[in-house]
Amino acid sequence: MKSEGQSRDCRALPENYKKFHKEVAGFIPGSRLFCDPLRTLAYGTDASFYRLIPKIVLKVRSPEEVSKILQIATRCKVPVTFRAAGTSLSGQAVTDSVLIVLAGSWKNYSIHDNGERIILEPGVIGAEANRYLSPFGRKIGPDPASINSCMVGGIAANNASGMCCGTSQNSYQTVESMRIIFCDGTRLDTGVPQSRRSFAESHRNLIKEIEDIRNEIHNDHALRERIRHKYRIKNTTGYSINAFIDYFDPFDIILHLMIGSEGTLGFNAEITYKTVVEHTHKASALIVFPNIENACRAAIILKRGPSSAVELMDRASLRSVESREGMPLYLKHLGEEAAALLLETRADDEISLKRQVEEITASLRPVPTVFPVLFTDSKDESEILWDVRRGLFPAVGGARKIGTT
18 MKSEGQSRDC RALPENYKKF HKEVAGFIPG SRLFCDPLRT LAYGTDASFY
68 RLIPKIVLKV RSPEEVSKIL QIATRCKVPV TFRAAGTSLS GQAVTDSVLI
118 VLAGSWKNYS IHDNGERIIL EPGVIGAEAN RYLSPFGRKI GPDPASINSC
168 MVGGIAANNA SGMCCGTSQN SYQTVESMRI IFCDGTRLDT GVPQSRRSFA
218 ESHRNLIKEI EDIRNEIHND HALRERIRHK YRIKNTTGYS INAFIDYFDP
268 FDIILHLMIG SEGTLGFNAE ITYKTVVEHT HKASALIVFP NIENACRAAI
318 ILKRGPSSAV ELMDRASLRS VESREGMPLY LKHLGEEAAA LLLETRADDE
368 ISLKRQVEEI TASLRPVPTV FPVLFTDSKD ESEILWDVRR GLFPAVGGAR
418 KIGTT
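The sequence shown lines up with residues 18 to 422 when you count with this note's numbering.
Structure representation (structure tokens):
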């Protein structure tokens, strides 16, 4: 039941929002549908420094609810924004319109083919997915810094990659299929032939438009090569239009356009990932250089070697974490121009790992360093280093002056 206060708050909405609210209230209880100033303010921020206060907040628990809500939103001409965990640093999950938040029932998963495939609902936390896969020696490809709190829905919607997966193991490269809900409420399972056939029949114009764009790009050599060049590097800005040159089938194109679309093309109700190997042996090193130029020279060298991840940290970054537990004491006494690379190398056995560490160490000898290059294969010590990197954004943010970004 709606309270008198909530009814009063809803009466202040624009007419199309009132209509939207009234229709949605027919099947969403008041505990999951609100527009009062206090709660909408609370939902006005995600992990970024942006604030947009939504007019209405909805908590959804099933694909059926999402489908009906999107139909109503389209009919009422009301924009909607989806939020999973809200760990975005760029403001993708804030809105001044309708915010649709995943309630706590999107946690189902299933593992197939001895761990080589995993089906996940969008509310599964990334680290939880990896724990489910751990007994099989596998993991999902994306490894964003916020993997311990971000959800699979956001990982796919933002094509969040992370420190190790780069472009070869991100969601775009490892997605196999997806259950999508479009703005007209239609549902498509790209992994089910019958669903594809039904969608092709009901949405002929959409399929034709996708095919026309694909053909136009394929017939324009300069455009095709420009797109190919843009996506050779780590590029998650805008839509994944490389799907038009990487795939021919319109459903494969739709699937890969959904990756990185930030919820603007449809709702990801379920995703199937092809998993990747989780190497059992790892070694990490924090290498300090006298300046950022030498750190960048080293990064170029490391790109050609057996490094799984290389992260650059400037002096401001190092200063923000120098007092954290487990950090080397020397960080507090570095010069103002110092910079560091945090790197990791992985292998299937100890002998291979030792060989890779020696190869990396030898390759960096021409580059001046502040201290000798030292690796650790201790899991605890490595976790401290990488936890610091994962927490770098809030650490730097906490050190900034109030009122600045």
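Every residue gets a Cβ at the ideal spot worked out from N, C-alpha and C, and that includes glycine.
Please read these numbers as outputs of a predicted model, since none were measured by experiment.
Short check: CB of residue i to CB of residue j, under 9 Å?
i	j	result
Val41	Leu30	no
Phe261	Ile250	no
Leu137	Val111	no
Gly171	Gln109	yes
Gln71	Thr57	Per the sequence presented here, residue 71 reads as Pro, with Gln not at that position. In this structure, Thr57 lies closer than 9 Å to Pro71 by Cβ.
Ala315	Leu335	no
Tyr60	Leu106	no
Arg321	Phe268	no
Val305	Val387	yes
Tyr34	Ile89	no
Asp201	Thr91	yes
Val95	Phe44	no
Asp113	Leu69	yes
Thr207	Cys167	no
Glu295	Lys396	no
Lys349	Glu342	no
Ser324	Ile401	no
From the DSSP output, read off the bridge partner residues of residue i.
i	result
Val294	Arg155
Arg68	According to DSSP, Arg68 bridges with nothing at all.
Glu361	Ser301 and Ala326
Lys225	BP columns for Lys225 are empty, so no partner.
Arg134	His129 and Lys291
Phe306	Ala356
Val338	Note: Val338 sits in no beta bridge, so no partner.
Asp206	Arg196
Thr393	Ser301
Val45	Strictly speaking, residue 45 in this sequence is Ile, with Val absent from that position. Note: Ile45 sits in no beta bridge, so no partner.
Ile142	Met168
Asp160	Gly179
So, helix, strand or coil for residue i, using DSSP?
i	result
His235	helix
Leu50	strand
Tyr60	coil
Met168	strand
Ile288	strand
Ile230	helix
Ile368	helix
Ile276	coil
Arg213	helix
Leu424	Because the chain here runs from 18 to 422, residue 424 falls outside it and cannot be looked at.
Gly179	strand
Met18	Its pLDDT being 45, under 50, Met18 is placed unreliably by the model, and the measurement read from it follows with that caveat. Of the three classes helix, strand and coil, the one that applies to Met18 here is coil, per DSSP.
Arg100	strand
Asp404	helix
Leu30	coil
Ile89	helix
Val115	strand
Asp269	helix
Asp201	coil
Asp263	helix
Arg249	coil
Thr191	helix
Ser122	coil
Ala110	coil
Leu378	Correcting the residue identity first, residue 378 is Thr in this sequence and not Leu. The answer is helix: DSSP assigns Thr378 an H, G or I state.
Phe453	Past the edges of the chain, shown from 18 to 422, lies residue 453, and the structure says nothing about it.
Ser185	coil
Tyr347	helix
Ser257	coil
Val387	coil
Arg332	helix
Ser320	The amino acid at residue 320 is misidentified as Ser; the sequence shows Lys. DSSP places Lys320 in helix when its eight states are reduced to three.
Can you round the beta-carbon distance between residue i and residue j to whole angstroms, since I take them to be within the 8 Å contact cut?
i	j	result
Ile164	Gly143	4 Å
Val327	Leu351	Between Leu351 and Val327 the Cβ distance is about 19 Å, and since that is not below 8 Å, they are no contact.
Glu279	Asn175	6 Å
Phe284	Leu87	7 Å
Ala286	Arg196	4 Å
Pro383	Glu354	Not a contact, Cβ separation roughly 19 Å.
Asp394	Leu370	7 Å
Ile234	Arg245	With a Cβ gap of about 10 Å, Ile234 and Arg245 do not count as contacting.
Ser380	Ile317	Contact flag wrong, Cβ pair sits at about 11 Å.
Ser423	Thr203	Any answer about residue 423 is impossible in this case: the structure gives the chain only from 18 up to 422.
Exercise. Is there contact between the stretch 362-370 and the stretch 265-283, where contact requires at least three CB pairs shorter than 8 Å?
Worked result: no
Problem set entry | the stretch 252-261 / the stretch 96-109 touching (three or more Cβ pairs under 8 Å) | no
Problem set entry | Contact between the stretch 75-90 and the stretch 150-164 (3+ Cβ pairs under 8 Å) | no
For this session: Assess, as a yes-or-no matter, whether the stretch 352-364 is touched by the stretch 299-318 under the definition of 3 or more beta carbon pairs within less than 8 Å.
Result: yes
Exercise. Counting pairs of beta carbons, one from the stretch 282-293 and one from the stretch 181-195, are three or more of them closer than 8 Å?
Worked result: yes
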